Every structure is written in C-alpha cells, then in structure tokens.
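Engineer: Before anything else, here's the structure in question.
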Amino acid sequence: MTSPLFRRRLDGSLPLAVRGAGCWIEDAAGRRYLDAVGGAYAVSLGHGVEEIARAIGEQARTLAYVNGVQFTNAAAEELAAELAEVLPPPLRWSYFLTSGSDAVEAAVKLARQVWVERGRPGKWKVISRRPSYHGNTLAALALSGRESYRRPFAPLLLDLPSVPAPDPYRDPSSPACTGEALADELERQGSETVAAFLFEPVLGSAGGAVVPDPAHYERIAALCRDHDVLLIADEVLTGMGRTGRWLAIDHYDGLAPDILVLGKGLSGGYAPLSAMVATDAILDTLRQGSGNFVHAQTYSHTPVVCAAGLAALRVLKRDRLVERCTALAPRLRAALQPLAALPLVGDVRSIGLFAAVELVADRESREPLPRARRVAERVAARARDHGLLVWSNGGHVDGERGDLVLVAPPFTIAEDELDEIGARLGRALAEVAAEDA
Numbered sequence: 079m080t081s082p083l084f085r086r087r088l089d090g091s092l093p094l095a096v097r098g099a100g101c102w103i104e105d106a107a108g109r110r111y112l113d114a115v116g117g118a119y120a121v122s123l124g125h126g127v128e129e130i131a132r133a134i135g136e137q138a139r140t141l142a143y144v145n146g147v148q149f150t151n152a153a154a155e156e157l158a159a160e161l162a163e164v165l166p167p168p169l170r171w172s173y174f175l176t177s178g179s180d181a182v183e184a185a186v187k188l189a190r191q192v193w194v195e196r197g198r199p200g201k202w203k204v205i206s207r208r209p210s211y212h213g214n215t216l217a218a219l220a221l222s223g224r225e226s227y228r229r230p231f232a233p234l235l236l237d238l239p240s241v242p243a244p245d246p247y248r249d250p251s252s253p254a255c256t257g258e259a260l261a262d263e264l265e266r267q268g269s270e271t272v273a274a275f276l277f278e279p280v281l282g283s284a285g286g287a288v289v290p291d292p293a294h295y296e297r298i299a300a301l302c303r304d305h306d307v308l309l310i311a312d313e314v315l316t317g318m319g320r321t322g323r324w325l326a327i328d329h330y331d332g333l334a335p336d337i338l339v340l341g342k343g344l345s346g347g348y349a350p351l352s353a354m355v356a357t358d359a360i361l362d363t364l365r366q367g368s369g370n371f372v373h374a375q376t377y378s379h380t381p382v383v384c385a386a387g388l389a390a391l392r393v394l395k396r397d398r399l400v401e402r403c404t405a406l407a408p409r410l411r412a413a414l415q416p417l418a419a420l421p422l423v424g425d426v427r428s429i430g431l432f433a434a435v436e437l438v439a440d441r442e443s444r445e446p447l448p449r450a451r452r453v454a455e456r457v458a459a460r461a462r463d464h465g466l467l468v469w470s471n472g473g474h475v476d477g478e479r480g481d482l483v484l485v486a487p488p489f490t491i492a493e494d495e496l497d498e499i500g501a502r503l504g505r506a507l508a509e510v511a512a513e514d515a
C-alpha cells in the first residue's frame, strides 16, 4: 500500500531509516550509511546521544508547552543564559524559534522595527548577497541568492537589493572580495533607505565553504557602521562550532553583528530549534519604545525544544567538541585533498569540519559545468551507492551554473571515518568522470 506521506522528494523512492548511532544511519534493509553531512548540516553531535533524548523526554513529562506571552520557562531561560556564555559581546539576548527560516524572518522584522522605533521609518531595505541561502519562507527566500529556489515564486517575492558574494577561487581582487560591491550598492540605493546587510560570514551551502579575507569584513563593518546599517549574521549552518570556533564571526576581529541567527547545530538536529540573538542596543530600543517585538509564533520559546538545545549545548561544552572540531580540521582537509587531482575537481576548500568540492568543466579556466549534466547530484547519488551521504548544490557561480559537493560530518567522527569519507567520495567522483569521458 502506498503511504499517504507527502514526501520531500516525489521523483523516486527513498530508503526507510530506522536507527542512527554515532556517524552512521541504518535503513530497514540493514544497509549502513556514513552520514558525512549531518543530514542537512544539523547533526553535529552524532546520532543517538542519550542525554539529549533523556532531556527531551523529561521536559515533555514535566511541562511540554506554554505560550511565550503567558509564561516563561526554565528550559528557555537556562538555554539563553548558557548560550550567552559563548556569544561574543555585545550579543546577548536570544529569541528562540523553530527553524533557520523563522529566525531570518524574525531578524529582518526586528531590524525594520528598530529603525521605526528610532524614528527613521525610511530605512527598510535589506541588502543580501548572491549566492546565499537564508531560508524558504517568503522574506528569507527573497533575500536568498538561489535562483532555482526563487524562480517559481518570483511574483510573491519582494525585489530587494543584493551584491555579489566573495568568490576568491575565481577572482580574489573583485569588488565582491574587497567589499567595494557593498559600497557601490549603498550609494545606488541610498543608505538612508537601507536597514540592514544580511550575510553568511562563511558562505554556506549556496557558496560552498567560502572563507572571505579578513580585509573584506573590515571594509563591510566600516561601511555599515558609517552608514547606520545593521549587520545581520546568518550562522544557521556555520554557528555552534562547525568552523572550529563557536561562531564563524569569531574568525574575524572586529566583526560585531547587531543581530545573529542560529539554527541546525543549536540542537544538534534533535529538535527544530533556532535563535535570533540581539545586542543590548537593539533590546534597549524596544524597551524604551513600544516594549514589544511584533513577531508572534506559536512555538517560540517552547520548553521541549529548548530543553533539547540546552542538553546539546552542555554536551558541546562538556566534551569540548568545538575544540575537537578544530583539532580534526587538518585530518578532514588531508582526507579530501587527494580529490583535487581527480577529473572534474576544480577546488577543495574547508574550514573546521565544513568542506566543499567544487566541480568544473575546465580546471585552468575554472569554467563551470553545464547544469544540464547535473554532475553534483550524480556524484552524491554515486556516493550514496557507496554508503556515503554528502550534499550537492548547483548554481552558485552565476545563478544557473556551478556544481558543489559538500561535507559537514558530526564533531564526534573518528579519524578513520574522515579517511573513509575521502575514499568513498573519491570513488564516486571517479565513476561519474568515467561516465562522461
């Protein structure tokens, strides 16, 4: 009998996952898969962490739900307090939601409300980058530089300004890399109309582990400061240790966003949890003005979800997993570097336990592959045949072309499992290259 489940994919069958342990997932047929991307970059602590499961169950038995306008709750209060311990000042105040998209929407609305309450209602535009990915709700999608995601819904999306994202692989001296692209856009739009600049400090799935030069962010921070533009850092993917620091912004001195967005690793994949984090200055504006953030969401600050996040954060701290991510980074880089010599591979780049393999038609010219060939998707499918789960993305070069294969394993991964990622992905790449030879 066909299941009535409306699945994420309708163009083929999916195996039925039945259990997970460590970095492995097992399906109903008994086949095991090395989860080299944490599902969708979320499972940072590995599968089957007993203390997180126990915390969720205990919270559900004690107090499953209260509404955030009627009560606060211990799980949310404690999570905010312990999260504040790892946040760089002046970031401090956490508003908990249920997905990265939700948190981006909230961040954009907060930036707008702040300028209204400061008596500058003409500041409403949010500038983002392309490529980028900020979510699938309408404002988040409008701000995402992923043309394939945007195209079907174009009539519903606000026409918001954007600038090209840094691409040091192709042109490290471009205005996108130096930060001058933002300077030009602020002049074009008129900074008196711009509320915020939304960016991924390290480009995530849409750009593929791109690490901009520190000078880039020195220029960006100065521009936003000089033009009264709020900085919104989207760390849904890169936050909570993925890059080898608690936050990707920690790699850059002086990069102090006004609003931070977290998700994925905040609960280690155990519950749908995200956070919008704001500074004292942002909170003071609301306290001294309306006294209310105009953003209602039924499952914000939910006890069970926050309990999962609190348990995950405590595991990260207790087991020093952010430090372990830093320590394992060279081993992941060494495991993947041999792939650079394979056909189709143009670049292999990584930071912490986040890596991208960029596939090209020509290594010398760095010409992208025709997207019609769907090379990244075919590599991911071949890897799955070899019991390896990786992520494929396309379109990062010009909105249409560009092939990436991404890796983001749990921080608990063993060194020999990192080697296994390189070996299995290498076999998948070689097989796809042979098919196209």
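For the sequence shown, our numbering assigns the number 79 to the initial residue and increments by one for each residue that follows.
The beta-carbon is built from N, C-alpha and C at its ideal position, and this holds for glycine as well.
Nothing here was measured: the structure is a model prediction, and the numbers come from that model.
If we call anything under 8 Å between Cβ atoms a contact, is C101 one with G124?
Structural biologist: Along the sequence shown, one-based indexing puts residue 101 at 23. Along the sequence shown, one-based indexing puts residue 124 at 46. Result yes, Cβ atoms of C101 and G124 sit closer than 8 Å.
Engineer: Taking 8 Å as the limit between beta carbons, can you name the residues of its chain near C255, skipping five residues before and five after?
Structural biologist: Position 177 of the sequence shown, counted from the start, is the residue given in the question as residue 255. Here the set comprises P244, D245, P246, D249, P290, D291, H294.
Engineer: What did DSSP end up calling P292 once you bin it into helix, strand or coil?
Structural biologist: Position 214 of the sequence shown holds residue 292. Helix.
Engineer: Quick one, which of D304, C403, D397, G285 has its alpha-carbon nearest R323's?
Structural biologist: Taking the first residue of the sequence shown as position 1, residue 323 is located at position 245. Per the Cα distances, C403.
Engineer: Whose C-alpha, out of R320, A99, G477, is nearest the C-alpha of R110?
Structural biologist: For the purposes of this step, residue 110 is identified with residue 32 of the sequence shown, where counting begins at 1. With distances taken between Cα atoms, R110 lies closest to A99.
Engineer: I205: which of A512, V307, G347, G90 sits nearest, CA to CA?
Structural biologist: Looking up residue 205 in the sequence shown gives position 127. Comparing Cα positions, the closest option is V307.
Engineer: Kindly list the residues whose CB is nearer than 8 Å to the CB of M79, restricted to its own chain and excluding five residues on each side of it in sequence; keep chain order.
Structural biologist: The residue labelled residue 79 in the question sits at position 1 within the sequence shown. Caution is warranted here: a pLDDT of 47 is assigned to M79, below 50, making its placement in the model unreliable, and the coordinate value is therefore given only provisionally. Once the five neighbours on either side are set aside, M79 has no close Cβ partner at all.
Engineer: With P408 as the anchor, note down where its alpha helix (DSSP H) starts and where it stops.
Structural biologist: Stepping through the sequence shown from its first residue, residue 408 is reached at position 330. Per DSSP, P408 belongs to the alpha helix (DSSP H) from 399-414.
Engineer: Have a look at F277 and N151 and give me their C-alpha separation to the nearest angstrom.
Structural biologist: Within the sequence shown, the letter at position 199 stands for residue 277. Within the sequence shown, the letter at position 73 stands for residue 151. Rounded to whole angstroms, F277 to N151 spans 32 Å at the Cα level.
Engineer: For the beta strand (DSSP E) that V186 lies in, which residues bound it at each end?
Structural biologist: The residue you call residue 186 lines up with position 108 of the sequence shown. No beta strand (DSSP E) contains V186, which is instead part of the alpha helix (DSSP H) from 178-195.
Engineer: Could you check the C-alpha separation between F489 and L410 for me, to the nearest Å?
Structural biologist: As a working mapping, residue 489 is identified with position 411 in the sequence shown. As a working mapping, residue 410 is identified with position 332 in the sequence shown. Near 11 Å, if we compare the C-alpha coordinates of L410 and F489.
Engineer: Helix, strand or coil for F603, going by three-state DSSP, please let me know.
Structural biologist: The chain is shown from 79 up to 515; residue 603 falls before or after that span and cannot be answered.
Engineer: DSSP three-state call for M79: helix, strand or coil?
Structural biologist: For the purposes of this step, residue 79 is taken as the residue at position 1 of the sequence shown. Its pLDDT being 47, under 50, M79 is placed unreliably by the model, and the measurement read from it follows with that caveat. Of the three classes helix, strand and coil, the one that applies to M79 here is coil, per DSSP.
Engineer: Kindly indicate the opening and closing residues of the beta strand (DSSP E) around T357.
Structural biologist: Working through the sequence shown from its first residue, we reach residue 357 at position 279. Segment 352-357, the beta strand (DSSP E) holding T357.
Engineer: Pick out whichever of E513, V438, Q415, H474 has its Cα sitting closest to the Cα of L503.
Structural biologist: Here residue 503 refers to the residue found at position 425 when the sequence shown is read from its first residue. With distances taken between Cα atoms, L503 lies closest to Q415.
Engineer: State the DSSP-derived secondary structure class of A107, mapped to helix, strand or coil.
Structural biologist: Taking the sequence shown and counting its residues from 1, the one referred to as residue 107 is at position 29. Coil at A107, not helix or strand.
Engineer: Within 10 angstroms of its Cβ, does G108 collect 16 or more other Cβ (buried), or is it exposed?
Structural biologist: Taking the sequence shown and counting its residues from 1, the one referred to as residue 108 is at position 30. Answer is exposed; the Cβ neighbour count stays below 16.
Engineer: Consult DSSP for P242 and reduce its assignment to one of helix, strand or coil.
Structural biologist: As a position in the sequence shown, residue 242 is number 164, starting the count at 1. DSSP places P242 in strand when its eight states are reduced to three.
Engineer: Going by C-alpha distance, which of E183, V288, D476, A386 is nearest E128?
Structural biologist: Mapped onto the sequence shown, residue 128 falls at position 50. Considering only alpha carbons, the answer is A386.
Engineer: Which value, in whole angstroms, describes the spacing of the CA atoms of A515 and R444?
Structural biologist: Translated into the one-based positions of the sequence shown, residue 515 becomes position 437. Translated into the one-based positions of the sequence shown, residue 444 becomes position 366. The straight-line gap from Cα to Cα measures roughly 18 Å.
Engineer: Taking the C-alpha atoms as reference points, what is the distance between D328 and H464?
Structural biologist: As a position in the sequence shown, residue 328 is number 250, starting the count at 1. As a position in the sequence shown, residue 464 is number 386, starting the count at 1. Rounded to the nearest angstrom, the two C-alpha atoms are 36 Å apart.
Engineer: Counting along the chain, where does the alpha helix (DSSP H) carrying G117 start and finish?
Structural biologist: To locate residue 117, count along the sequence shown from 1; it is residue 39. Segment 116-119, the alpha helix (DSSP H) holding G117.
Engineer: Using the Cβ count rule (16 or more neighbours within 10 Å means buried), how would you classify L94?
Structural biologist: Indexing the sequence shown from 1 puts residue 94 at position 16. Flag for L94 reads exposed.
Engineer: Counting along the chain, where does the beta strand (DSSP E) carrying I327 start and finish?
Structural biologist: Along the sequence shown, one-based indexing puts residue 327 at 249. It is not in any beta strand (DSSP E) - I327 carries neither H nor E in the DSSP assignment.
Engineer: Can you name the start and end residues of the alpha helix (DSSP H) that A433 belongs to?
Structural biologist: In the sequence shown, residue 433 corresponds to position 355, counting from 1. From DSSP, A433 is part of no alpha helix (DSSP H) but of the beta strand (DSSP E) over 432-440.
Engineer: Using three-state DSSP, classify S269 as helix, strand or coil.
Structural biologist: The sequence position of residue 269 within the sequence shown is 191, counting from 1. Of the three classes helix, strand and coil, the one that applies to S269 here is helix, per DSSP.
Engineer: Which two residues bound the contiguous alpha helix (DSSP H) that contains E156?
Structural biologist: Here residue 156 is taken as the residue at index 78 of the sequence shown, counted from 1. Per DSSP, E156 belongs to the alpha helix (DSSP H) from 152-162.
Engineer: List the endpoints of the continuous beta strand (DSSP E) containing E313.
Structural biologist: Here the question's residue 313 lines up with position 235 in the sequence shown. Taken as a continuous stretch (DSSP letters only), the beta strand (DSSP E) holding E313 covers 308-313.
Engineer: For A407 and E401, what's the separation of their Cα atoms in angstroms?
Structural biologist: Here the question's residue 407 lines up with position 329 in the sequence shown. Here the question's residue 401 lines up with position 323 in the sequence shown. Those two C-alpha atoms are separated by around 10 Å.
Engineer: Taking buried to mean at least 16 other C-beta atoms within 10 Å of its own C-beta, is N471 buried or exposed?
Structural biologist: By one-based count along the sequence shown, residue 471 stands at place 393. Per the 10 Å Cβ criterion, buried.
Engineer: According to DSSP, is V453 part of a helix, a strand, or is it coil?
Structural biologist: Here residue 453 refers to the residue found at position 375 of the sequence shown. Residue state, collapsed to three classes: helix.
Engineer: Between P381, R451, E156, I310, which has its C-alpha nearest R139's C-alpha?
Structural biologist: Taking the first residue of the sequence shown as 1, we reach residue 139 at position 61. Cα-wise, what sits closest to R139 is P381.
Engineer: With DSSP collapsed to three states, give me the class of I491.
Structural biologist: Numbered from 1 along the sequence shown, position 413 holds the residue referred to as residue 491. DSSP places I491 in coil when its eight states are reduced to three.
Engineer: Please name the residue, chosen from D358, P279, Y377, A389, that lies closest to A142 on a Cα-to-Cα basis.
Structural biologist: Along the sequence shown, read from residue 1 onward, the residue named residue 142 stands at position 64. With distances taken between Cα atoms, A142 lies closest to Y377.
Engineer: Which value, in whole angstroms, describes the spacing of the CA atoms of G477 and R224?
Structural biologist: The residue you call residue 477 lines up with position 399 of the sequence shown. The residue you call residue 224 lines up with position 146 of the sequence shown. Cα to Cα, the separation comes out at about 6 Å.
Engineer: In the structure shown, what three-state DSSP assignment does G504 receive?
Structural biologist: Start at 1 with the first residue of the sequence shown, and residue 504 comes out as number 426. G504: helix per DSSP, three-state reduction.
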